[in-house]
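*Asks:* So the sequence shown is numbered by our numbering: it starts at 367 and just counts up by one.
Backbone N, C-alpha and C fix where the C-beta goes; we use that ideal spot for every residue, glycine too.
Quantities reported herein were computed from a predicted structural model and do not represent experimental measurements.
My structure is below; once you've seen it, I'll send some questions.
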Amino acid sequence: MKALVKTAQGFGNLEMQDKQVPQPGADQVKIEVKYAGICGSDIHTYEGHYKVGVPVTLGHEFSGEVVEVGEGVTEFQVGDRVTSETTFYICGECAYCKSGDYNLCNHRKGLGTQQDGGFAKYLIARKESVHKLPENVDYQSAAMTEPLACTHHAVEKTEINKGDVVVVIGPGPIGLLTAQVVKSRGATVIITGLTNDKVRLDKAKELGIDYAVNTQEEDLKELVNSLTDGYGADVVFECSGAVPAAKQALDLLRKKGQYGQVGLFAQPEISFDLEKIIQKEIRVVGSRSQKSADWKPSLELMNNGSVNAKSLVTHEYTIEDWDTAYQAIKSGEAIKVLLTPLD
Ligand SMILES: [Zn+2]
Ligand SMILES: [Zn+2]
């Protein structure tokens, strides 16, 4: 089968390869991939900012159909519509594994990063990670369960009350999903972007996000202040991974506000005004990936219509057309790009 493989660290080094069709071992499920999403982290991986266990087939956001099950699998049958958590291997013994925080296990191996993922016709997942799709969740939406779970994870790390004013910086897929999750909790949501993000800001409006602000044209701080009697935002989620955005977030927050870092930075060390964190008693929280407990709620958010993931899909290509897909993302014309496998 054809697979899109990151062969070595550094910029590029992404190749179409012919690979053996994998067979499921005990307690494993073989999935025929229907759609696999390109994640911001795949872009970082492609550009060499983010290291994965090479060589590896990328693609950690996917949906598909069960085509074979290994010994000991009674939970799934051939023909089931599924998606899978990215967790492929965990030690099962550390404190994090015991509390279900698999995303923090030092020995964790993830699909599409350390273990062959969804940019191929077939992949193998462990049965504990696989989820059946609810009735109203189609394959395209389901391919976005993983990013949605990441945003659910971030939102769960903060406390959001009905009527809070929440700013989401960065209107990419993660920002647009975060905004919808936050909205489902009864907050007033402002999503922000730049002139280059026009398509994404328009999408936010279409999705019913309260305010979609181009910060190069409108005064964001003035809007936040007008909505909060001058106090500032209750929560800010930084979803862009841009250094100026992180700084701006501290400025927008009220005293005792909460700052959630969701976006990945191209450089790990950035300057961050700790003085503001002290003076305003800001609570800062990082959010890494997702964990098991985020998946069912995420599927339910799509099933009940609180989150429209499918409408974020602007482009679909086969795995062979990576370069075109990459350009569509870099140019800002695409929101979410899904890849489909080849035989
Ligand atoms: Zn992802
Ligand atoms: Zn562990």
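Count the CB pairs spanning the segment 390-398 and the segment 420-440 that are closer than 8 angstroms, and state whether there are at least three.
*Replies:* Contact between the segment 390-398 and the segment 420-440 is present, because at least three Cβ pairs lie under 8 angstroms.
*Asks:* In the DSSP assignment, find the unbroken alpha helix (DSSP H) run with Glu522 in it and report its ends.
*Replies:* Sequence index remark: in the sequence shown, residue 522 carries index 156 (1-based). Looking at the DSSP string, the run of the alpha helix (DSSP H) that includes Glu522 is 511-522.
*Asks:* Assign Pro707 to one of two classes, buried (16 or more other C-beta atoms within 10 Å of its C-beta) or exposed (fewer than that).
*Replies:* Along the sequence shown, read from residue 1 onward, the residue named residue 707 stands at position 341. Buried is the call here.
*Asks:* What are the complete alpha helix (DSSP H) segments, minimum 4 residues, inside the segment 517-587?
*Replies:* Those alpha helix (DSSP H) runs which fall completely within the segment 517-587 and span 4+ residues are 539-549, 564-572.
*Asks:* Tell me which same chain residues have a C-beta within less than 7 angstroms of the C-beta of Glu441, skipping the five on either side of it?
*Replies:* Here residue 441 refers to the residue found at position 75 when the sequence shown is read from its first residue. Here the set comprises Lys493.
*Asks:* Helix, strand or coil, according to DSSP, for Gln633 in the structure here?
*Replies:* Along the sequence shown, read from residue 1 onward, the residue named residue 633 stands at position 267. DSSP places Gln633 in coil when its eight states are reduced to three.
*Asks:* I'd like to confirm something about Cys405: is its beta-carbon nearer than 8 angstroms to some heavy atom of ligand 1, or not?
*Replies:* The sequence position of residue 405 within the sequence shown is 39, counting from 1. Because some heavy atom of ligand 1 lies under 8 angstroms away, the Cβ of Cys405 counts as near it: yes.
*Asks:* Span of the alpha helix (DSSP H) holding Gln693?
*Replies:* Locating residue 693 in the sequence shown gives position 327, where the first residue counts as 1. Taken as a continuous stretch (DSSP letters only), the alpha helix (DSSP H) holding Gln693 covers 688-696.
*Asks:* So the beta strand (DSSP E) Val399 belongs to, where does it begin and stop?
*Replies:* Position 33 of the sequence shown, counted from the start, is the residue given in the question as residue 399. That run of the beta strand (DSSP E) goes 394-403.
*Asks:* Between Tyr683 and Leu705, which are expected to be in contact by the criterion C-beta below 8 angstroms, what is the C-beta distance as a whole number of angstroms?
*Replies:* Translated into the one-based positions of the sequence shown, residue 683 becomes position 317. Translated into the one-based positions of the sequence shown, residue 705 becomes position 339. Tyr683 to Leu705, Cβ: 6 angstroms. Contact.
*Asks:* Starting from the Cα of Thr561, find the closest Cα among Gly552, Val579, Phe631, Glu686 and give me that residue.
*Replies:* Position 195 of the sequence shown, counted from the first residue, corresponds to residue 561. The option with the nearest alpha carbon to Thr561 is Val579.
*Asks:* Helix, strand or coil, according to DSSP, for Gly430 in the structure here?
*Replies:* To locate residue 430, count along the sequence shown from 1; it is residue 64. Correct three-state label for Gly430: strand.
*Asks:* If you measure between the beta carbons of Lys368 and Gln383, is that distance less than 9 angstroms?
*Replies:* Counting from one through the sequence shown, the residue named residue 368 turns up at place 2. Counting from one through the sequence shown, the residue named residue 383 turns up at place 17. Yes.
*Asks:* Quick check on the DSSP output: the beta strand (DSSP E) that includes Ala508 runs from which residue to which?
*Replies:* To locate residue 508, count along the sequence shown from 1; it is residue 142. Counting along the chain, Ala508 falls outside any beta strand (DSSP E), though it belongs to the alpha helix (DSSP H) covering 505-508.
*Asks:* Assuming Gly536 and Ala611 form a contact by the criterion Cβ under 8 angstroms, report the distance between their Cβ atoms to the nearest whole angstrom.
*Replies:* As a first step, residue 536 is located in the sequence shown; it is residue number 170 there, counting from the start. As a first step, residue 611 is located in the sequence shown; it is residue number 245 there, counting from the start. That pair is a contact at about 7 angstroms.
*Asks:* Any chance the CB of Pro421 is under 8 angstroms from a heavy atom of ligand 1?
*Replies:* Your numbering for residue 421 matches position 55 in the sequence shown. No, the beta carbon of Pro421 sits no closer than 8 angstroms to any heavy atom of ligand 1.
*Asks:* Compute the Euclidean distance between the alpha carbons of Val420 and Asn591, then round it to the nearest angstrom.
*Replies:* Translated into the one-based positions of the sequence shown, residue 420 becomes position 54. Translated into the one-based positions of the sequence shown, residue 591 becomes position 225. Each residue's alpha carbon lies about 48 angstroms from the other.
*Asks:* Rounded to the nearest angstrom, how far is the Cβ of Thr554 from that of Ala520, given a contact under 8 angstroms?
*Replies:* In the sequence shown, residue 554 corresponds to position 188, counting from 1. In the sequence shown, residue 520 corresponds to position 154, counting from 1. No, Thr554 and Ala520 are not in contact; Cβ-Cβ is about 18 angstroms, not under 8 angstroms.
*Asks:* Rounding to the nearest angstrom, what Cα-Cα distance links Gly559 and Asn670 in this structure?
*Replies:* One-based indexing of the sequence shown puts residue 559 at position 193. One-based indexing of the sequence shown puts residue 670 at position 304. Computed Cα separation, rounded: 28 angstroms.
*Asks:* Could you check the C-alpha separation between Lys676 and His518 for me, to the nearest Å?
*Replies:* The residue you call residue 676 lines up with position 310 of the sequence shown. The residue you call residue 518 lines up with position 152 of the sequence shown. In a straight line, the C-alpha of Lys676 is about 17 angstroms away from that of His518.
*Asks:* For ligand 2, is there any heavy atom lying closer than 8 angstroms to the beta carbon of Ile456?
*Replies:* Taking the first residue of the sequence shown as position 1, residue 456 is located at position 90. Ile456: yes, Cβ under 8 angstroms from ligand 2.
*Asks:* Label Cys516 either buried or exposed according to how many other C-beta atoms from any shown protein chain fall within 10 Å of its C-beta, with 16 as the threshold for buried.
*Replies:* Here residue 516 is taken as the residue at index 150 of the sequence shown, counted from 1. Buried, because 16 or more other Cβ atoms sit within 10 Å of the Cβ of Cys516.
*Asks:* Within 8 angstroms: the Cβ of Cys516 and any heavy atom of ligand 1?
*Replies:* Residue numbering aside, residue 516 sits at position 150 when the sequence shown is read from its first letter. Yes, since a heavy atom of ligand 1 falls inside the 8 angstroms radius drawn around the Cβ of Cys516.
*Asks:* Following a CB-centred definition, is His519 positioned closer than 8 angstroms to any heavy atom of ligand 1?
*Replies:* Taking the first residue of the sequence shown as 1, we reach residue 519 at position 153. Flag unset: Cβ of His519 not near ligand 1.
*Asks:* DSSP on Glu682, reduced to helix/strand/coil?
*Replies:* Here residue 682 corresponds to residue number 316 of the sequence shown, with the count starting at 1. Three-state DSSP puts Glu682 in a strand.
*Asks:* If we require 3 or more residues per run, which beta strand (DSSP E) segments fall completely within the segment 403-486?
*Replies:* You should have 428-435, 447-450, 453-455.
*Asks:* Under DSSP, the alpha helix (DSSP H) around Val609 begins and ends at which residues?
*Replies:* Here residue 609 refers to the residue found at position 243 when the sequence shown is read from its first residue. Note, Val609: alpha helix (DSSP H), 609-618.
*Asks:* Check whether the segment 620-633 and the segment 479-499 touch, using three or more Cβ-Cβ pairs below 8 angstroms as the test.
*Replies:* With the cut-off at 8 angstroms, the segment 620-633 and the segment 479-499 do not touch.
*Asks:* Assign Leu640 to buried or exposed, taking buried as 16 or more other Cβ atoms, counted over all protein chains shown, within 10 Å of its Cβ.
*Replies:* As a position in the sequence shown, residue 640 is number 274, starting the count at 1. The residue is exposed, with fewer than 16 neighbouring Cβ atoms inside 10 Å.
*Asks:* What does a CB cutoff of less than 7 angstroms around Ala694 pick up in its chain, not counting 5 residues either side in sequence?
*Replies:* As a working note, residue 694 is residue 328 in the sequence shown. Hits under 7 angstroms: His681, Ala700, Val703.
*Asks:* Any heavy atom of ligand 1 closer than 8 angstroms to the beta-carbon of Asp408?
*Replies:* Taking the sequence shown and counting its residues from 1, the one referred to as residue 408 is at position 42. Checking the Cβ of Asp408 against ligand 1 gives yes.
*Asks:* Helix, strand or coil for Leu589, going by three-state DSSP, please let me know.
*Replies:* On the sequence shown, position 223 is the one that residue 589 refers to. Three-state result, Leu589: helix.
*Asks:* Using 9 angstroms as the threshold, is the C-beta distance between Ile557 and Gly541 below it?
*Replies:* Counted from its first residue, the sequence shown places residue 557 at position 191. Counted from its first residue, the sequence shown places residue 541 at position 175. For Ile557 and Gly541, yes; Cβs fall inside 9 angstroms.
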